[in-house]
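**Student:** Residue numbers (the working numbering): 51 to 309. In this text, a Cβ means the ideal position worked out from N, Cα and C, and glycines have one as well.
Listed below in structure tokens is the structure:
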């Protein structure tokens, strides 16, 4: 029993890490509000039962059955979120770009996005991070070509057969073009946004990819990341946000809030 205190401390620490990870993953989704409400209800119910002691036997019986029901309900209600979590877990990559390749890639992405924005050319570019996108790449046109603004601009030029789909950038190279991204649900995207925004947001919900989106109609540049869409980015803002997300800044750097 001499080590009981540190065992309890370790258990509390592990529980805290799990709870924080779940809430961080669900942040900004419908699951965040649901799980917070469910947790609050269960905590209040448990507290009442403990205070009531042996006088609330029937309530305690119902509460135990409610826990079983809640476990099944969570699997059903949070099915999309659980699916995304399993995809991320199964495709996590250990290798990342170094600082200098990342900066060159950011320069290229900014040049292409600004060109497409000026000329009202739609663009959809996903930069792979830790979650692998091999499944998407295999279903597109595999290129494995050196990343350049000229290549991206050519792919998204309206006359190109690949311009309506997305591009996946992996390890500083154009892995594939003509890639169909998973679409976000209709209620998660404003009606004024088109298929590119739905595709970019959908992919960011199912992976940790950073997705650059240029609207064909308005030329507005946006970034989708972890299920959040940041719109109306000026060139300087685009560069700053890509640097923050892709160049691994020092801990404590402020994260931009979604517009």
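#1: Go ahead and label residue 145 buried or exposed: buried means 16 or more other beta carbons lie within 10 angstroms of its beta carbon, across all protein chains shown.
#2: Report yes or no: do three or more beta-carbon pairs, one from the stretch 192-201 and one from the stretch 273-291, lie closer than 8 Å?
#3: Starting from residue 203 and walking both ways along the alpha helix (DSSP H), at which residues does that stretch end?
#4: Distance, Cα to Cα, residue 231 vs residue 112?
#5: So what's residue 273 in DSSP terms, helix, strand or just coil?
#6: What would DSSP say about residue 268, mapped onto helix, strand or coil?
#7: For residue 229 versus residue 243, is the C-beta distance shorter than 7 Å?
#8: Could you check the C-alpha separation between residue 109 and residue 66 for me, to the nearest Å?
#9: Below 8 Å CB to CB, which residues in the same chain sit around residue 155 once its five sequence neighbours on both sides are set aside?
#10: Using three-state DSSP, classify residue 216 as helix, strand or coil.
#11: Taking the continuous alpha helix (DSSP H) assigned at residue 176, which residues delimit it?
#12: Quick one: what does DSSP say residue 145 is sitting in, helix, strand or coil?
#13: Do residue 187 and residue 226 have their C-beta atoms closer together than 7 Å?
#14: Is it the case that the Cβ atoms of residue 234 and residue 209 are separated by a distance below 7 Å?
#15: Looking only at its chain, what residues have a beta carbon closer than 6 Å to the beta carbon of residue 184, apart from the 5 residues adjacent to it on each side?
**Tutor:** So, from the listed chains and residues:
#1: Because the pLDDT at residue 145 is just 46, under 50, the model does not fix this residue reliably, and the point stays unresolved.
#2: Short answer: they don't touch.
#3: For residue 203, the enclosing alpha helix (DSSP H) covers residues 199-206.
#4: Distance between the alpha carbons of residue 231 and residue 112: 44 Å.
#5: DSSP, read as helix, strand or coil, puts residue 273 in strand.
#6: The answer is coil: DSSP assigns residue 268 none of H, G, I, E or B.
#7: Not in contact: residue 229 and residue 243 (Cβ atoms no closer than 7 Å).
#8: For residue 109 and residue 66, the gap between their C-alpha atoms comes out near 28 Å.
#9: Taken in chain order, the residues that qualify are 147, 177, 197, 219, 222 and 296.
#10: Three-state DSSP puts residue 216 in a strand.
#11: Where residue 176 is concerned, there is no enclosing alpha helix (DSSP H), although the beta strand (DSSP E) it sits in stretches over 173-177.
#12: Note that residue 145 has pLDDT 46, beneath the 50 cutoff, so the model's placement of it is unreliable and no number is given.
#13: It is a contact, given that the beta carbons lie within the stated cut-off.
#14: Result no, Cβ atoms of residue 234 and residue 209 do not sit closer than 7 Å.
#15: Around residue 184: no qualifying Cβ.
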